[in-house]
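Structure first, commentary second.
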Amino acid sequence: MFLKKIYLDQFRNYEHLEVTFQPSINIIYGDNAQGKTNLLEAIYVLSMTKSHRSSIDNALIKNGETTSYMKGTVVTSQSSKTLEVGLSKTKKLLKINQGEVKKVSNYISNMNIVIFYPEDLDLIKGGPGLRRRFMNLELSQLYPSYLDILNDYNKLLKMRNDCLKQYLKGEFVDESYFQILNQYFVDKASLIYQMRKKFVEKLNHYLPKIFEDISGRKNFSLIYRTNIDMDSSESYQEQMKKKLMKHSEAEKRIGSTLVGPHKDDLEFILDERNLKLYGSQGQQRMAILSLKLSEIDLFRDYKKETPILLLDDVFSELDYKKRSNLMKHIDNNTQTIITTTELGLLDQTLIQNANLIHIQDGSIISENEV
Ligand SMILES: Nc1ncnc2c1ncn2[C@@H]1O[C@H](COP(=O)(O)OP(=O)(O)OP(=O)(O)O)[C@@H](O)[C@H]1O
Ligand SMILES: [Mg+2]
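Going from the sequence shown to the working numbering is simple: count from 1 and add 75.
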C-alpha cells in the first residue's frame, strides 16, 4: 500500500500543507526544527490515531489554534481509501471514506506503517513497558481484534486490582465474583500471550538475516519473556491460575496483580547475550532497524500488503558501511518516507530515484530540486 497524498491543517508547525508522495522512495529534507519529524508524525497519527512521540493530543494542535485536521489518501492493491483525523482540545473524530468510525480498532488497520525514529533506541535501553507497547501497537495493526482483547484485558485488570485494593483495606469482597473475574482475566491473558508469542516467532523468521546483512553479525533473535512457567505440558491458563494462587497473599498485601501479560517482556539477544546489557549503541540501533525491516516482511507475508516505511533521521548515526548496507534494504516496492538534514548522507542512486521534498519553516519550498 502507499500514501498518495496528505493534507494538514493546523498541525504542529504547519498551518496548511498538501503533499503528494510517490509509491517508492520519498525524501523529506531540511534544516533542524523545520517540520520534517512533524510531517512523519502526521502520517503516523493518520494511521494510528495517536502520536508516536507525544501522549498528549493537544500538543499536535498548532500553537494558538483550537483544532487540527489531517486527511490522507491510501492506495492498496484492492482499493483507494480516504482517512481523516480531526482533533479538538477535547475530542477526536475519525473517518474512513467520509464515514465516521467510532471504534479505534476498526480504524487503525487501514493504513499500515512501520516507523523508525531516534527514540526507538529506548525499546532496548528502556523499561519493559515500552517493549509491551511496541508489541501492542504492532499487533493492533496486524489484527484489529487484538486491540479489543487488550482493552478487555486492561479493564479486567483494573477490576481485579480494585478487588485486591479492597482486600488490602480489609473491605468486603464477594469471593465468587472475584473467582469469575479471575476466569475471564486468565482467558484474555492467554489470548494476548498466544498472539504476542506467535508475533515474536514470526519476526524471528526474518530478523537474523536482516541483522546480518546490516551489521555483519549472526545469531540475533528475540525472546518473549513471560512470568508464567511454560515448560510444563499444562495450558497457559492452568499455569497462570496456579501462579495467581501462589501469589494470592502477596497480591492482597500490595493491592495489585503480579501475574499476566502486563508484566511480560521482550529481549534482544545477540550471541546469547542481552543487547540491553552488552550491546553497543550502534548494535542497538541496527537491532531496532532490523526489527522494523522484519516487520515489513511479516506484514507483506501476512496481510498481503506492504506497509509504509517511515525512517526519521536514521542515517546520521550509522557509519558509512552500515548506511550503505541499510540502503540496500530500501527497495522501490516499499513506499519509504525518509527524513534527513543532509542529503549527502544518502546514496546518489537513492536520491536520483526519490521524490525530494524540501521543508522550511512549515512549508515546502521546493520539490525535486537539490
Ligand atoms: N503544537 C505546535 N505548534 C507550533 N509549532 C510546533 C508545535 N509543536 C512543535 N512545533 C515546532 O515544530 C518545530 C519542530 O519540528 P520538527 O520536530 O518536525 O523538526 P525537524 O525538522 O524534524 O528537526 P530536526 O532535524 O531537528 O529533527 C519546532 O520549531 C517546534 O517549535
Ligand atoms: Mg526531526
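Just so you know, even glycine gets a beta-carbon here, dropped at the ideal spot from N, CA and C.
The structure presented is a predicted model; accordingly, all values stated were derived computationally and were not measured.
Residue i and residue j closer than 8 Å at C-beta
i       : j       : result
Lys-378 : Leu-217 : yes
Ile-171 : Ile-383 : no
Asp-388 : Thr-411 : no
Leu-222 : Val-179 : yes
Leu-333 : Gly-357 : no
Ser-143 : Asn-407 : no
Leu-83  : Ala-117 : yes
Ser-369 : Tyr-228 : no
Met-305 : Leu-212 : no
Asp-340 : Arg-300 : yes
Glu-90  : Lys-137 : yes
Ser-126 : Leu-135 : yes
Leu-425 : Met-402 : yes
Leu-345 : Ile-199 : no
Asn-107 : Thr-409 : no
Ile-405 : Val-94  : no
Pro-283 : Lys-272 : no
Heavy atom of ligand 2 within 7 Å of residue i beta-carbon
i       : result
Asp-436 : no
Asp-388 : yes
Lys-111 : yes
Thr-148 : no
Thr-414 : yes
Beta bridge counterpart(s) of residue i as assigned by DSSP
i       : result
His-91  : Asp-84
Asn-466 : Residue 466 is absent from the model: the chain starts at 76 and stops at 445.
Leu-386 : Phe-191, Ile-413
Tyr-104 : Thr-415, His-433
Phe-77  : Val-150
Glu-175 : Lys-170
Glu-442 : Ile-432
Ile-289 : Bridge partners of Ile-289: none, in fact.
Arg-300 : Asp-340
Lys-374 : What sits at residue 374 in the sequence shown is Phe, not Lys. Partner(s): none; Phe-374 has no beta bridge.
Phe-295 : Leu-345
Contact test: residue i Cβ vs ligand 1 heavy atom, cutoff 7 Å
i       : result
Asn-185 : no
Gly-105 : yes
Lys-125 : no
Arg-375 : no
Ala-108 : yes
Asn-88  : yes
Ala-117 : no
Lys-327 : no
Lys-137 : yes
Ala-134 : yes
Inter-residue spacing [alpha-carbon to alpha-carbon] between residue i and residue j
i       : j       : result
Ala-264 : Ile-440 : 51 Å
Leu-225 : Met-270 : 11 Å
Thr-141 : Ser-163 : 6 Å
Ile-103 : Asn-430 : 8 Å
Arg-208 : Lys-156 : 27 Å
Leu-373 : Tyr-268 : 19 Å
Ile-298 : Phe-343 : 7 Å
Gly-202 : Leu-239 : 25 Å
Gln-153 : Leu-278 : 26 Å
Asp-158 : Arg-87  : It should be pointed out that residue 158 corresponds to Leu in this sequence rather than to Asp. Rounded to the nearest angstrom, the two C-alpha atoms are 19 Å apart.
Ser-129 : Ser-308 : 43 Å
Val-150 : Asp-288 : 30 Å
Val-248 : Asn-236 : 12 Å
Val-261 : Lys-338 : 14 Å
Gln-85  : Glu-175 : 21 Å
Gly-419 : Arg-328 : 60 Å
Phe-191 : Lys-80  : 21 Å
Glu-326 : Leu-232 : 12 Å
Min CB distance residue i to chain D below 8 Å
i       : result
Glu-140 : Here chain D cannot be found, since the structure has a single protein chain.
- Go through the segment 114-164 residue by residue and report every complete run of the beta strand (DSSP E) that reaches 3 residues or more, in order. 142-150, 155-163
- Where are the alpha helix (DSSP H) runs, 4 residues long or more, that stay fully inside the segment 308-335, in chain order? 311-321, 323-329
- Query: Taking the runs of the beta strand (DSSP E) that are 3 residues or longer, which of them lie wholly in the segment 201-253?
  - Reply: none
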